[in-house]
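A.B. asks:
There are 2 protein chains.
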Amino acid sequence: MARVTLQTIADRLGVSRATVSYAFSRPDQLSEGLRQRILEVADELGYAGPNPTARSLRLGRAGALGLIFSETLAYAFADPYAIGFFQGLATAAEDAGVGLLILPLPHGDRRSETVRDAVVDAFCVVSLPDGHPALAEVLARKLPVVIVDEPYVPGHPFVGIDEPAAGAAAARHVLELGHRRIGVAMVGLHDDGHTGWADPSRQEGAAFEAMRRRRGGYQSACEEAGLDWAGVPFYEVARNSREAGRKAGHALLGRSPRPTAILTNTDVLALGVLDAAADLGLEVPGELSVVGFSDSAAEEAGLTTIRQAKQEIGETAGRLLLSGGTTGPERLIFPHELIVRSSTAPPPAGQA
Amino acid sequence: MARVTLQTIADRLGVSRATVSYAFSRPDQLSEGLRQRILEVADELGYAGPNPTARSLRLGRAGALGLIFSETLAYAFADPYAIGFFQGLATAAEDAGVGLLILPLPHGDRRSETVRDAVVDAFCVVSLPDGHPALAEVLARKLPVVIVDEPYVPGHPFVGIDEPAAGAAAARHVLELGHRRIGVAMVGLHDDGHTGWADPSRQEGAAFEAMRRRRGGYQSACEEAGLDWAGVPFYEVARNSREAGRKAGHALLGRSPRPTAILTNTDVLALGVLDAAADLGLEVPGELSVVGFSDSAAEEAGLTTIRQAKQEIGETAGRLLLSGGTTGPERLIFPHELIVRSSTAPPPAGQA
DNA sequence: ATTAAGGTCTTAATTGATTAAGGAGGGTCA
DNA sequence: TGACCCTCCTTAATCAATTAAGACCTTAAT
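So the protein lines, in turn, are chains E and F.
Residues in the first sequence are numbered consecutively from 1, following UniProt numbering.
Residues in the second sequence are numbered consecutively from 1, following UniProt numbering.
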């Protein structure tokens, strides 16, 4: 069974290919009778309709938005913040009637052709670490690009939040409550799978710009309050999971003196820290305050967190891309908001 | 700035277009010197690399898998079961180095061109209601198709679970515990946005085959146990949200006599029912047993549920599609498993 | 009768690549 | 000297459509 194309149908009916094309795409260009016969024959021959690739080539539009994510997709889908963002992006894509092409980036060094070969009209890049080869590949395509969260690339529109300010807001909250013994648990600083303590130089060398800057916010708030940052225990984990958070929690809470407040850069991690506190029989917020980030999984647990407009960020990125224009403002910084719930309180008496 | 193509570069260097193509795709076909010059000129002219659409047309492969989902994407991403499935599918796509093209289906009656125009090698159809026009559009494309969960289309591979058996297992569990006053809360039966009581005829007329069959499992287990199905209060909700579950819970628990067990067809709904029970000060499982479905959000809440292999289902669907073959078995039925946790127990004394 | 206007279909250029087959030129070996 | 083989590049067919412009015929208005 050879392939059925417009030409096959045209030959069968003794008409030109153009006529058949019109039968599908512009009914007004030919008589209703012929059109019906064409559609009939098409059906008879099992024609699958005008080939979308050829159509796309001719028309110069792909009808899809490329989405690049540094993580494994399975991992990305497990992250509530990412899901919120996807929802926003998907809404924009839906409204515009275009598809969302999710491009996998193999974790190993196996060179990926997926970016090079992606049939898309524009790219949305989310949270790529500094120097990730996929970014170069995206830029080489010379299509419209919007970058979300990180990295910042001059000349390309950026959508995200004011990371240093948001980080500082989280830290300031516990500092203002009177905490002095603060611990930090963060994920997504490096791409190397390391889990364990991170000294300031490793912290500052983080590959992910947004997290690096968020952490900078923690530090500057602490220093403003007169704390010595070098004395702040900092635990880094490789995966954004509740289990990893619990591990970080145990590491931090096992120190002496024990921190009275722990800052985390995701809600999921914060939930894990709460688990660790429960393991140790510590009361939250009585004996320990915990702050999350993103307000993505925080409400039910009563977690104090920084809310960021996930969906709006996704939707804005999508609309920016779909409005064809790289003509708007270069950076769209969305507001963040400290949401105080029941996981933070002043430190136990005599411990401030 | 006109478009830069292979030809532009060829003209500039006085070589043939083929030569330039080889420079990109088959370095062994030309001298290293010329190749370098070509790449240099390409760079100079701002060439974005071989056009993926043209490439795709010539090579006859799109490098992407189309994913069709009846819900709004934003809604799909909010469903833990769907996310698990996505993770599996994404893993398969990732391994094969192809993208995942998520196709939106406009909710209104605005005819969608997205399926017709999707540049993909195969389609994965998930949970479409009977007679949904998108299914016809997918089949018209004559590409490999795998259908997940519903609807069953003879001649096309199907991946899912044994719905009637799984539904029956859930029902039998509470029946065997001794419950006689059972209530049911279900979502995803119809596409019409209805929330409220559903009589048996509406139940049986459900547009979504999988849910219809799952419900059939509830019914047959109840009838086996000698219950009159017409007497089983059945509340249907339009959205799979915790809030909707709570609403259903209140409706069911407001009846007299009050049910001692509630079956739900998603964990999210079950969580909402638990909320309703808490609102009413009912003890679970002492005064009320609740069963979820999917084991997607059940563990932390201690919910008894039916586990289905979400990720494996997704991964299998993906591999089936990517192995190019419609040659395997026609139906792949994955096992389900009753997971008993702490939301079910025998009914209060004297109420069985 | 002449001109214009419609309606219906065809011609042919265009979209941007890939790749089998072939040719030119040079080197090696008998 | 010719046969043979390389290497490097070109020719030309191919993938499957879209669409402006033109050809041809019929009908209507002047």
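Ideal Cβ placement from N, Cα and C applies to all residues, glycine included.
Every value quoted in this text rests on a predicted model; they were computed, and no experiment measured them.
CA-CA distance, F:N265 and F:Y22?
C.D. replies: Looking up residue 265 of chain F in the second sequence gives position 265. Looking up residue 22 of chain F in the second sequence gives position 22. Rounded to the nearest angstrom, the two C-alpha atoms are 56 Å apart.
A.B. asks: In this structure, does DSSP put E:G304 in helix, strand or coil?
C.D. replies: Here residue 304 of chain E is taken as the residue at index 304 of the first sequence, counted from 1. For the sequence presented, residue 304 of chain E should be read as Thr rather than Gly. Here E:T304 sits in strand by DSSP.
A.B. asks: Of all the options E:G286, E:P200, E:I313 and E:F293, which has the alpha carbon lying nearest to the alpha carbon of E:P348?
C.D. replies: On the first sequence, position 348 is the one that residue 348 of chain E refers to. Of E:G286, E:P200, E:I313 and E:F293, the residue nearest in Cα terms is E:G286.
A.B. asks: For E:I147, write down the residues that DSSP places opposite it in a beta bridge.
C.D. replies: Taking the first sequence and counting its residues from 1, one reaches residue 147 of chain E at position 147. Beta-bridge pairing links E:I147 to E:V125 and E:F158.
A.B. asks: Take F:D191 and list the residues in its own chain whose beta-carbon comes closer than 6 Å to its own, dropping the five residues that flank it on each side.
C.D. replies: Within the second sequence, residue 191 of chain F is the residue found at index 191, counting from 1. Cβ neighbours of F:D191 beyond the five flanking positions: P129 and A207.
A.B. asks: Using CA coordinates, which residue listed in E:E224, E:R242, E:A301 and E:A118 is at the minimum distance from E:K142?
C.D. replies: Taking the first residue of the first sequence as 1, we reach residue 142 of chain E at position 142. It is E:A118.
A.B. asks: Indicate whether at least one CB of chain F lies closer than 8 Å to the CB of E:R116.
C.D. replies: To locate residue 116 of chain E, count along the first sequence from 1; it is residue 116. Judged by the 8 Å Cβ criterion, E:R116 is in contact with chain F.
A.B. asks: For the region 58 to 73 of chain E, enumerate the residues whose C-beta is nearer than 7 Å to any C-beta of chain F, in chain order.
C.D. replies: Result list: A62, G63, A64, T72 and L73.
A.B. asks: Would F:G97 pass as an interface residue toward chain E - the criterion being a Cβ-Cβ separation below 8 Å?
C.D. replies: Looking up residue 97 of chain F in the second sequence gives position 97. So yes, F:G97 belongs to the interface.
A.B. asks: Three Cβ pairs or more, each shorter than 8 Å: is that satisfied between the region 278 to 292 of chain F and the region 252 to 261 of chain F?
C.D. replies: Yes: the two stretches touch, three or more of their Cβ pairs being nearer than 8 Å.
A.B. asks: Please state whether DSSP places F:E236 in a helix, a strand or coil.
C.D. replies: Here residue 236 of chain F corresponds to residue number 236 of the second sequence, with the count starting at 1. Strand, per DSSP.
A.B. asks: Quick check: what's the CA-CA separation for F:V98 versus E:A136?
C.D. replies: Sequence index remark: in the second sequence, residue 98 of chain F carries index 98 (1-based). Sequence index remark: in the first sequence, residue 136 of chain E carries index 136 (1-based). Going from the Cα of F:V98 to the Cα of E:A136 covers about 19 Å.
A.B. asks: Just the Cα atoms here: how many angstroms apart are F:V126 and F:G88?
C.D. replies: Here residue 126 of chain F corresponds to residue number 126 of the second sequence, with the count starting at 1. Here residue 88 of chain F corresponds to residue number 88 of the second sequence, with the count starting at 1. Using only the alpha carbons, I get a separation of about 13 Å.
A.B. asks: Where does F:V184 sit, in a helix, a strand or coil, going by DSSP?
C.D. replies: Taking the second sequence and counting its residues from 1, the one referred to as residue 184 of chain F is at position 184. Three-state result, F:V184: strand.
A.B. asks: Strictly by DSSP, which residues pair up with E:V290?
C.D. replies: On the first sequence, position 290 is the one that residue 290 of chain E refers to. Partner(s): E:I262.
A.B. asks: May I have the straight-line CA-CA distance separating F:L105 from F:V138, to the nearest angstrom?
C.D. replies: Sequence index remark: in the second sequence, residue 105 of chain F carries index 105 (1-based). Sequence index remark: in the second sequence, residue 138 of chain F carries index 138 (1-based). Taking the straight line from one Cα to the other gives about 12 Å.
A.B. asks: Could you name the residues of the region 25 to 53 of chain E whose beta carbon sits closer than 9 Å to any beta carbon of chain F, in the order they occur along the chain?
C.D. replies: Those would be G46, Y47, A48, G49, P50, N51, P52 and T53, in chain order.
A.B. asks: Note the first and the last residue of the continuous alpha helix (DSSP H) segment covering E:F334.
C.D. replies: By 1-based counting over the first sequence, the position of residue 334 of chain E is 334. First-last for E:F334: R331 to F334, but that is the beta strand (DSSP E), not the alpha helix (DSSP H).
A.B. asks: Is DSSP giving F:F86 helix, strand or coil here?
C.D. replies: Counting from 1 along the second sequence, the entry for residue 86 of chain F is found at position 86. Note: F:F86 maps to helix in three-state DSSP.
A.B. asks: Could you say which of E:E299, E:R55, E:P157 and E:T91 lies nearest to E:F123 if we only look at CA atoms?
C.D. replies: As a working note, residue 123 of chain E is residue 123 in the first sequence. Looking at the Cα atoms, E:P157 is the closest of the given residues.
A.B. asks: What did DSSP end up calling E:F24 once you bin it into helix, strand or coil?
C.D. replies: The sequence position of residue 24 of chain E within the first sequence is 24, counting from 1. E:F24 falls in the helix class under three-state DSSP.
A.B. asks: Since F:V119 meets chain E, which of its residues come closer than 8 Å, beta carbon to beta carbon?
C.D. replies: On the second sequence, position 119 is the one that residue 119 of chain F refers to. The answer, in chain order, is P52, T53, S56, A62, G63, A64 and V119.
A.B. asks: With H, G and I counted as helix, E and B as strand and the rest as coil, what does DSSP make of E:E337?
C.D. replies: One-based indexing of the first sequence puts residue 337 of chain E at position 337. Strand.
A.B. asks: Measure the Cβ-Cβ separation of F:R242 and F:D275 and say whether it is below 8 Å.
C.D. replies: Translated into the one-based positions of the second sequence, residue 242 of chain F becomes position 242. Translated into the one-based positions of the second sequence, residue 275 of chain F becomes position 275. Cβ atoms of F:R242 and F:D275: closer than 8 Å.
A.B. asks: Per the DSSP calculation, E:I102 is bridged to which residue(s)?
C.D. replies: Position 102 of the first sequence, counting from 1, holds the residue named residue 102 of chain E. DSSP, once it has assigned bridges, lists E:L67 and F:L100 as partnering E:I102.
A.B. asks: Where does F:G63 land, buried or exposed, given buried means 16+ other C-beta within 10 angstroms?
C.D. replies: Here residue 63 of chain F is taken as the residue at index 63 of the second sequence, counted from 1. Counting Cβ neighbours within 10 Å, F:G63 comes out buried, since at least 16 surround it.
A.B. asks: Let me know the secondary structure DSSP gives F:G131 once reduced to three states.
C.D. replies: Indexing the second sequence from 1 puts residue 131 of chain F at position 131. Correct three-state label for F:G131: coil.
A.B. asks: Report yes or no: do three or more beta-carbon pairs, one from the region 38 to 57 of chain E and one from the region 2 to 15 of chain E, lie closer than 8 Å?
C.D. replies: The region 38 to 57 of chain E vs the region 2 to 15 of chain E: in contact.
A.B. asks: Since I believe F:G183 is in contact with F:P233 (beta carbons under 8 Å), could you give me their beta-carbon distance rounded to a whole number of angstroms?
C.D. replies: The residue you call residue 233 of chain F lines up with position 233 of the second sequence. The residue you call residue 183 of chain F lines up with position 183 of the second sequence. F:P233 to F:G183, Cβ: 5 Å. Contact.
A.B. asks: Give the DSSP-derived three-state secondary structure of E:G245 in the structure shown.
C.D. replies: Against the first sequence, residue 245 of chain E aligns to sequence position 245. In the structure shown, E:G245 sits in a helix (DSSP, three-state: H, G or I).
A.B. asks: Using the beta-carbon count (16 or more within 10 Å), is E:A230 buried or exposed?
C.D. replies: Counted from its first residue, the first sequence places residue 230 of chain E at position 230. It is exposed - the Cβ of E:A230 has fewer than 16 other Cβ atoms within 10 Å.
A.B. asks: Would DSSP call E:G314 helix, strand or coil?
C.D. replies: By one-based count along the first sequence, residue 314 of chain E stands at place 314. If DSSP states are grouped into helix, strand and coil, E:G314 belongs with the helices.
A.B. asks: Which residues does DSSP list as the beta-bridge partners of E:G178?
C.D. replies: Position 178 of the first sequence, counted from the first residue, corresponds to residue 178 of chain E. Its beta-bridge partners do not exist; DSSP assigns none.
A.B. asks: Comparing C-alpha positions only, which one of E:G33, E:G160 and E:Y218 sits nearest to E:G167?
C.D. replies: The residue given as residue 167 of chain E occupies position 167 in the first sequence. Nearest option by C-alpha distance: E:Y218.
A.B. asks: Use the C-beta contact count for F:P80: other C-beta atoms within 10 angstroms, 16 or more gives buried, fewer gives exposed.
C.D. replies: Translated into positions along the second sequence, residue 80 of chain F becomes position 80. Looking at its Cβ environment, which holds 16 or more other Cβ atoms inside 10 Å, F:P80 is buried.
A.B. asks: When the Cα of E:V291 is compared with those of E:L175, E:D28 and E:F77, which residue comes out closest?
C.D. replies: In the first sequence, counting from the first residue as 1, residue 291 of chain E sits at position 291. Looking at the Cα atoms, E:L175 is the closest of the given residues.
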